[in-house]
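Residue 0 is where the sequence shown starts when you use numbering that gives the first Met the number 0, and the numbers rise one by one after that.
For reference, the structure is listed below as structure tokens.
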Amino acid sequence: MNCRHCQNPLTYTFLDLGFAPPSNAYLTGDDLKRPEKYFPLKIQVCHHCWLVQTEDYAAADELFTEDYAYFSSASSSWLNHARCYAEEMIARLDLNTNSHVIEIASNDGYLLKNFVAAGIPCLGIEPTASTAAAAENMGIPVVREFFGEALARQLAAQGQQADLIAGNNVYAHVPDINDFTRGLKVLLKPEGTLTLEFPHLLHLIGKNQFDTVYHEHFSYLSLYTVSRIFQMAGLRVYHVEELSTHGGSLRVYGCHQDNIRPVTAAVADILAQEQNAGLQTLDTYIHFQPRAERIKDDLLQFLIQAKRDGKKIAAYGAAAKGNTLLNYAGIKPDLLPLIADAAPSKQGKYMPGSHIPILPPQRIREFKPDYLLILPWNIADEVMQQNSFIREWGGQFVMAVPELCIR
Ligand SMILES: [Zn+2]
């Protein structure tokens, strides 16, 4: 396989998590009577452009036939993040009723509704029918297609170029990142700005966040590599911000290469951080696997010992991260009998692969676990606050990443 960005042959494995089912393929009781499909979950690094990427495998299209739709508006912290983003962009870019904002992967309109409320014309691009319909119900026009250069050319020909293109949490999930980036170039007005948010590879490596790896997450990005991808498409990064979302993300600001905007000091600062952390050094990548193994071994040892000691264990948060960790570690209901989750769409279902039942959070009070394992470590503080009542019976919280910790 060749690098999805620079076509250099890929010869180095960054992380091999064996085989896993699609992370969002939550199972019903009936599904448990059927065979379940597993796909290789292996991540390679390109030692030329340092793009960290999933390895291609046969029948990959079968991964994405799931009808599970995630509605962004279900998360109050994400809604808040979107509202702040809209306010910041309106002020920073001086957007008004003559501007045009386009969001790629606009989901259920969680973000664009803020621009609609400010009277700024906008357009969403979203291939998932159910979420697109929700956005349209709020008065947001939606093009129901996948984004790439071809769609961008169609839209540009219809006079639909943008003063602001937003891509929050889509860039890392795009299979053909070059085509997507060329599309951004085509869709952007000469003076326009585009912003992309993605989890920062610096933290994946620095904080052992190997459980953020899953099939639909094609690219694991640094500012260095994104700058290279932009350059090839005729774009450049002029500003960058660090965000706390997803365990540490970047928001990059891009413009056309020939735009006269100055580059801010933040760009050189993040590039230097990446260089100092060894993100352009092969050793950094090829020595990551043992750190993932250590976390897996420590968690397994803890769960087995707790079981032998007669302790009760439950987990909180049926998210993709949890699936990656549980499947890699081979954890099944004998070690972890239940996972609580607040999303009604997941309750009553089973985790893919591990087949651990997902139950409403109130079951924690009835079950009275001695240990509550928090799978989405990025919202650990929130989870501990909401479930502080486990202290009533001496319960403790457990986290596996970045290292096993009991609190
Ligand atoms: Zn490459």
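All C-beta atoms in this analysis are idealised placements derived from N, C-alpha and C, irrespective of residue type, glycine included.
Selection from the options that minimises the alpha carbon distance to residue i
i: Ala131; options: Lys331, Pro360 and Ser71; result: Ser71
i: Val212; options: Leu335, Asn386 and Pro39; result: Pro39
i: Ala318; options: Ile373, Met88, Ile330 and Thr280; result: Ile373
i: Gly17; options: His216, Leu324, Leu187 and Pro332; result: Leu324
i: Ala399; options: Asn377, Pro332, Gln6 and Glu240; result: Asn377
i: Asp107; options: Phe145, Ala134, Glu86 and Asp162; result: Ala134
i: Ser189; options: Ala171, Gln160 and Phe197; result: For the record, residue 189 in the displayed sequence is Pro; it is not Ser. Closest by alpha carbon: Gln160.
i: Ala328; options: Leu195, Ala156, Ile294 and Arg33; result: Ile294
i: Gln157; options: Gln346, Leu122, Pro174 and Lys311; result: Leu122
i: Gly352; options: Pro332, Lys345 and Leu358; result: Pro332
i: Cys83; options: Leu111, Asn95, Tyr69 and Thr96; result: Leu111
i: Lys41; options: Thr27, Ala19, Pro20 and Leu14; result: Leu14
i: Gly309; options: Glu273, Leu335 and Val115; result: Leu335
i: Asn326; options: Lys345, Ile312, Gln230 and Leu298; result: Leu298
Own chain, CB closer than 8 angstroms to residue i, minus 5 neighbours either side, in chain order
i: Ile389; result: Ile363, Lys367, Pro368, Leu371, Gln395 and Phe396
i: Met0; result: Pro8, Leu9, Gln43, Glu54 and Asp55
i: Lys206; result: Gly246, Gly247, Val400 and Pro401
i: Glu102; result: Leu110, Leu111, Cys121, Leu122, Gly123, Ile124, Ile164, Ala165, Gly166 and Asn167
i: Ala239; result: At residue 239 the sequence reads Val, which differs from the Ala that was named. Answer for Val239: Leu222, Leu249, Arg250, Val251, Tyr252, Thr263, Ala265, Val266 and Ile269, listed in chain order.
Spatial neighbours of residue i in its chain, beta-carbon cut-off 6 angstroms, leaving aside the 5 residues before and after
i: Asp178; result: Gly147 and Glu148
i: Cys404; result: Met398
i: Ser226; result: Val236
i: Val142; result: Ile124
i: Asp162; result: Ser98, His99, Lys188 and Gly191
i: Val173; result: Phe179
Bridge partners - residue i, DSSP secondary structure assignment
i: Thr53; result: Ile42
i: Met422; result: Residue 422 falls outside the range modelled here, since the chain spans only 0 to 406, and no answer is possible.
i: Arg250; result: Glu196 and Glu240
i: Pro8; result: Asn1
i: Asp15; result: Lys41
i: Tyr315; result: Ala339 and Ile373
i: Lys82; result: Reading off the sequence shown, one finds Arg at residue 82, where the question assumed Lys. Beta-bridge pairing links Arg82 to no other residue.
i: Ser218; result: Gln52
i: Leu234; result: His255
i: Ala161; result: Leu187
Contacting residues, own chain, Cβ-Cβ under 7 angstroms from residue i (five flanking each side not counted)
i: Lys320; result: Asp210, Thr211, Leu374 and Pro375
i: Phe145; result: Pro126
| query | Whole beta strand (DSSP E) runs in the region 88-145 with 3 or more residues, listed along the chain? | reply | 100-103 and 121-124
| said: I'd like the ranges of any beta strand (DSSP E) spanning at least 3 consecutive residues and lying wholly in the region 165-189. | reply: none
| request: Could you tell me whether the region 39-54 touches the region 211-228, using the rule of 3 or more Cβ pairs below 8 angstroms? | output: At 8 angstroms Cβ cutoff, the stretches touch.
| message | Is it the case that the region 279-290 contacts the region 250-258, given that we only count it when at least three CB pairs across the two stretches are under 8 angstroms? | response | no
| request: Counting only runs of 3+ residues fully inside the region 342-404, write out the beta strand (DSSP E) ranges in chain order. | output: 370-373 and 395-398
| Are the region 337-345 and the region 30-38 in contact at 8 angstroms, needing three or more beta carbon pairs? | Output reads no: the region 30-38 does not touch the region 337-345.
| request: Inspect the CB distances between the region 293-311 and the region 188-205 and report whether three or more fall short of 8 angstroms. | output: Too few Cβ pairs lie closer than 8 angstroms, so no.
| message | When you compare the region 77-90 with the region 258-272, are there three or more beta-carbon pairs, one atom per stretch, that lie closer than 8 angstroms? | response | no
| said: Going residue by residue through the region 273-326, where are the continuous alpha helix (DSSP H) segments of at least 4 residues, counting only ones entirely within it? | reply: List check, alpha helix (DSSP H) in window: 281-285 and 288-307.
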